[in-house]
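What follows is a set of notes on a single structure, which appears directly below.
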Amino acid sequence: MVYFIIAILSIFIFLKDEIEAKERLPILAYLSGGLWHFIDDEGKELFEPKKIDDVLGYSSGLIRVSVKENDKTRIKYLDLSGKIVLEPDFDYAYDFVNGIAMVFNFTDKKRTEKKFGFIDKKGKSIIPCNLNDASQFSEGLAYISSDDFQGYLDTAGKKKINLGEIAGFIFSEGLAAVNNKKFEFGFINQFGELVIDYKYDEVGNFKEGFARFNRDNKFGYIDKNGNERIPANFDVVRNFSEKRAFVGLYDIDFKTFWAVIDTNGNYITKHIFTKVHDFSDGLAAVRDSSYWGFINRDGDYTIKPRFFYADSFKDGIAWASDKNKKESGFIDSDGNFKIIIPEFEKAFELRFNRRVY
Numbered sequence: 059m060v061y062f063i064i065a066i067l068s069i070f071i072f073l074k075d076e077i078e079a080k081e082r083l084p085i086l087a088y089l090s091g092g093l094w095h096f097i098d099d100e101g102k103e104l105f106e107p108k109k110i111d112d113v114l115g116y117s118s119g120l121i122r123v124s125v126k127e128n129d130k131t132r133i134k135y136l137d138l139s140g141k142i143v144l145e146p147d148f149d150y151a152y153d154f155v156n157g158i159a160m161v162f163n164f165t166d167k168k169r170t171e172k173k174f175g176f177i178d179k180k181g182k183s184i185i186p187c188n189l190n191d192a193s194q195f196s197e198g199l200a201y202i203s204s205d206d207f208q209g210y211l212d213t214a215g216k217k218k219i220n221l222g223e224i225a226g227f228i229f230s231e232g233l234a235a236v237n238n239k240k241f242e243f244g245f246i247n248q249f250g251e252l253v254i255d256y257k258y259d260e261v262g263n264f265k266e267g268f269a270r271f272n273r274d275n276k277f278g279y280i281d282k283n284g285n286e287r288i289p290a291n292f293d294v295v296r297n298f299s300e301k302r303a304f305v306g307l308y309d310i311d312f313k314t315f316w317a318v319i320d321t322n323g324n325y326i327t328k329h330i331f332t333k334v335h336d337f338s339d340g341l342a343a344v345r346d347s348s349y350w351g352f353i354n355r356d357g358d359y360t361i362k363p364r365f366f367y368a369d370s371f372k373d374g375i376a377w378a379s380d381k382n383k384k385e386s387g388f389i390d391s392d393g394n395f396k397i398i399i400p401e402f403e404k405a406f407e408l409r410f411n412r413r414v415y
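Under my numbering, the first residue of the sequence shown carries the number 59, and numbering increases by one thereafter.
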């Protein structure tokens with residue numbers, strides 16, 4: 059009986075350790091003293107600092123970095139223990155999406171012409187690196203252009219949608235933008251059927267049922283039926299997020315001033331922000347004429363502008379740099395610093411895959 063209890067306890071401790079290890083998610087990489095540090099959401103280092111050239115992205119449990127070797131930049135992937143688990147032999151490689159990453163090689167000495175392909179997490183070629191053009195996989199499909207085919211492939215490399223001479227873009231919410239020889243944009247579904255006709259000068263991906271469109275140099279929003287839900291009255295727009303979108307107008311000097319609208323096109327705020335990030339966790343980082351703060355979905359400030367820079371909230375924390383206090387790190391929704399980062403030369407937010415300093 060004693061041995062049985064000990065065995066059960068051992069299994070419990072093992073599983074507990076495994077769960078805790080899996081829950082350590084990377085949130086930031088920063089360069090300090092020539093070494094890159096990687097921290098989790100508690101501010102703890104995931105592994106020993108690394109001497110690498112740059113951090114490029116994080117996805118599917120792998121951190122993508124660049125390292126110079128013999129005057130050549132190599133792309134490598136680290137796991138969450140800091141071990142190099144993949145060194146693809148290509149001129150460039152992207153983040154993994156559903157276990158597949160796009161890669162390319164330059165084909166000329168000037169390094170302007172490229173051939174694209176796809177690999178799995180073991181570095182095995184899924185689609186040979188001989189494509190003239192390609193997009194990342196999204197919703198199980200990737201747009202490619204080769205000498206004898208232009209359309210979409212599935213993750214096994216099988217041809218699914220033949221577009222002929224029409225160019226395609228990534229799928230989002232079941233639809234993908236396509237444009238014809240006249241450079242007019244429409245949308246197809248995952249069967250390759252044209253569901254929104256070619257009639258736009260430019261479009262974006264669908265997000266929360268809306269896609270931005272451009273006609274006569276003005277932007278608005280359409281729904282998945284092609285109905286123009288919000289008229290094209292804006293100089294620039296961003297995707298909807300949490301039923302809110304930022305829309306911008308240029309002033310006489312072509313400087314953008316942003317406002318918040320709802321899904322009916324009603325204004326939540328006036329055009330008063332100079333820079334913005336989309337809503338996340340119910341808040342959006344916005345910049346007035348000088349500093350960044352945070353507003354809620356009603357357009358009210360919950361954290362007054364006081365930051366030199368601020369990024370989006372996720373899981374209750376957001377990156378911010380407080381110029382007055384000379385502090386940088388992650389704040390909570392009350393604006394209090396929870397994780398402070400020491401002096402650094404560069405910083406990369408691994409949850410949103412963008413540089414924050």
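Glycine included, each C-beta is placed from N, C-alpha and C at the ideal position.
Close Cβ partners of residue i (< 6 Å) along its chain, the five nearest in sequence each way excluded
i, result
"residue 151", "133, 159 and 161"
"residue 371", "338, 339 and 341"
"residue 283", "none"
"residue 260", "272"
"residue 176", "158, 160, 184 and 185"
"residue 82", "98"
"residue 163", "148, 149, 173 and 187"
"residue 380", "365"
"residue 316", "304, 306, 331 and 334"
"residue 121", "136"
Exposed unless 16 or more other CB atoms sit within 10 angstroms - verdict on residue i
i, result
"residue 330", "exposed"
"residue 180", "exposed"
"residue 249", "exposed"
"residue 79", "With a pLDDT of 46 at residue 79, under the threshold of 50, the modelled position of that residue is not reliable, and the figure given next carries that caveat. Burial call: exposed."
"residue 308", "exposed"
"residue 278", "buried"
"residue 262", "buried"
"residue 398", "exposed"
"residue 347", "exposed"
"residue 369", "buried"
"residue 413", "exposed"
"residue 235", "buried"
"residue 142", "exposed"
Close beta carbons around residue i, own chain, < 7 Å, minus the five adjacent residues each side
i, result
"residue 320", "301, 302 and 326"
"residue 217", "207, 209 and 211"
"residue 222", "208"
"residue 194", "152, 155, 160, 200 and 228"
"residue 354", "340, 341 and 360"
From the options, residue whose alpha carbon lies closest to that of residue i
i, options, result
"residue 98", "409, 281 and 364", "409"
"residue 205", "187, 218, 109 and 194", "187"
"residue 233", "224, 273, 405 and 199", "199"
"residue 358", "307, 148 and 328", "328"
"residue 138", "194, 85 and 347", "85"
"residue 106", "228, 220 and 89", "89"
"residue 318", "311, 310, 128 and 333", "333"
"residue 274", "164, 112, 308 and 292", "292"
"residue 251", "167, 226 and 241", "226"
"residue 296", "315, 276 and 270", "270"
"residue 94", "395, 403, 145 and 376", "403"
"residue 313", "294, 322 and 324", "294"
"residue 100", "324, 336, 356 and 375", "375"
"residue 87", "377, 343, 385 and 390", "377"
"residue 245", "202, 281 and 117", "281"
"residue 127", "116, 145 and 286", "145"
"residue 124", "110, 311 and 117", "110"
Start and end residues, beta strand (DSSP E) containing residue i
i, result
"residue 270", "269-273"
"residue 414", "Looking at the DSSP string, residue 414 is not in any beta strand (DSSP E), and its letter there is neither H nor E."
"residue 201", "199-203"
"residue 335", "Unbroken run through residue 335: none, as it is neither H nor E."
"residue 363", "359-365"
"residue 132", "130-136"
"residue 118", "Where residue 118 is concerned, there is no enclosing beta strand (DSSP E), given that its DSSP letter is neither H nor E."
"residue 196", "From DSSP, residue 196 is part of no beta strand (DSSP E); its letter is neither H nor E."
"residue 355", "Unbroken run through residue 355: none, as it is neither H nor E."
"residue 252", "252-258"
"residue 237", "233-237"
"residue 152", "150-155"
"residue 184", "183-189"
"residue 84", "84-90"
"residue 214", "That residue, residue 214, is in no beta strand (DSSP E); it is neither H nor E in DSSP."
"residue 95", "93-98"
"residue 296", "Note, residue 296: premise wrong, no beta strand (DSSP E); not H, not E."
"residue 302", "302-308"
Contact set for residue i: own chain, Cβ-Cβ below 8 Å, skip 5 residues either direction
i, result
"residue 119", "137 and 138"
"residue 140", "96, 104, 105, 106 and 108"
"residue 400", "90"
"residue 165", "171, 172 and 173"
"residue 290", "271, 272, 273, 274, 276, 277 and 278"
"residue 349", "363, 364, 365, 366 and 381"
"residue 407", "85, 86, 369, 377, 413 and 414"
Legend entry - Cβ contact (3+ pairs, closer than 8 Å) linking the stretch 259-267 and the stretch 296-315: Judged by Cβ distances under 8 Å, the stretch 259-267 makes contact with the stretch 296-315, as three or more pairs qualify.
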